[in-house]
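2 protein chains.
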Amino acid sequence: MSFRVHVRVMPRAGLLDPQGQAVEHALSALGFPDAGEVRVGRAIELDVAAGSRAEAEARARAMCDKLLANPVTEDYLVEVEGS
Amino acid sequence: MSFRVHVRVMPRAGLLDPQGQAVEHALSALGFPDAGEVRVGRAIELDVAAGSRAEAEARARAMCDKLLANPVTEDYLVEVEGS
Chain A
1 MSFRVHVRVM PRAGLLDPQG QAVEHALSAL GFPDAGEVRV GRAIELDVAA
51 GSRAEAEARA RAMCDKLLAN PVTEDYLVEV EGS
Chain B
1 MSFRVHVRVM PRAGLLDPQG QAVEHALSAL GFPDAGEVRV GRAIELDVAA
51 GSRAEAEARA RAMCDKLLAN PVTEDYLVEV EGS
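As they're listed, the protein sequences go chains A and B.
Throughout the first sequence, residue numbering follows my numbering, covering 1 to 83 in sequence.
Throughout the second sequence, residue numbering follows my numbering, covering 1 to 83 in sequence.
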């Protein structure tokens, strides 16, 4: 079986996010002063071949720990589609 | 009122995603041959000051159209937290 997995990798809370600040300033300049606390991270989607939904999630978490996220500076969230 | 909004900006289906391909190859080399169809996009989180949840979503969509997403090459998904 194959599961579609969505991963969100964000800069850890409390850490500076220069990209988020740049986007926030740009939004304000474009007429969106109602935006604040902008954080920019990565969204990754992938198919994971696994025997169960739980196994797919565990595999995706292992991928995050090994490659997709930087454990020092980033947090990640794994969602298996349809769950 | 302020709403926390999550935006996911992904390369449009059918368009080449070199970053996704690079990640897929790296995963395979690291012992994850069970990953496929990898796509890499951006995850953006922000607070939107608005009178209602629907208004916050509409404002976030306007931000995507104007700045956060490239309408030619990317699709976006807006989710207001708690909805």
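Every residue, glycine too, gets a C-beta built ideally from N, C-alpha and C.
As the structure is a prediction and not an experimental result, all values here were calculated from the model.
(request) Please classify V72(B): does DSSP put it in a helix, a strand, or coil? (result) Correct three-state label for V72(B): coil.
(message) Using the Cβ count rule (16 or more neighbours within 10 Å means buried), how would you classify D17(A)?
(response) It counts as buried.
(request) State yes or no: is the beta carbon of R59(B) nearer than 8 Å to at least one beta carbon in chain A? (result) So, interface residue.
(request) Excluding the 5 residues preceding and the 5 following R39(B) in the sequence, name in chain order all residues of the same chain whose CB lies nearer than 8 Å to its CB. (result) Cβ contact annotation for R39(B) (same chain, cutoff 8 Å, sequence separation greater than five): M10, P11, D17, G20, in chain order.
(request) Might you give, ordered along the chain, the residues of its own chain that have their beta carbon closer than 7 Å to the beta carbon of D75(B), omitting 5 neighbours on each side? (result) The residues are M10, R12.
(message) With H, G and I counted as helix, E and B as strand and the rest as coil, what does DSSP make of S52(A)?
(response) Correct three-state label for S52(A): coil.
(message) On the CB-based measure, 16 or more other CB atoms within 10 Å of its CB, does G41(A) come out buried or exposed?
(response) When all chains shown are included, G41(A) counts as buried.
(request) Establish whether the CB of M63(B) and some CB of chain A are separated by less than 8 Å. (result) Yes, its Cβ sits closer than 8 Å to a Cβ of chain A.
(request) May I ask you to report which of helix, strand or coil DSSP gives P18(B)? (result) Three-state result, P18(B): helix.
(request) Could you run through the stretch 38-59 of chain A and flag, in chain order, every residue whose CB is less than 7 Å away from some CB of chain B? (result) Residues passing the 7 Å Cβ filter: V38, R39, V40, G41, R42, A43, I44, E45, L46, D47, V48, A49, A50, R59.
(message) Given 7 Å as the limit, tell me if V40(B) has its C-beta closer than that to any heavy atom belonging to the ligand FMN.
(response) In the structure on display, the ligand FMN does not appear, and there are no ligands present to speak of.
(request) Quick one: list the residues of chain A neighbouring M10(B), beta-carbon separation under 7 Å, in chain order. (result) A43, E45, listed in chain order.
(message) Does the stretch 57-64 of chain A come into contact with the stretch 21-33 of chain A, if we say contact requires no fewer than three beta-carbon pairs (one atom in each stretch) closer than 8 Å?
(response) Of all C-beta pairs linking the stretch 57-64 of chain A to the stretch 21-33 of chain A, fewer than three are shorter than 8 Å, placing the two stretches out of contact.
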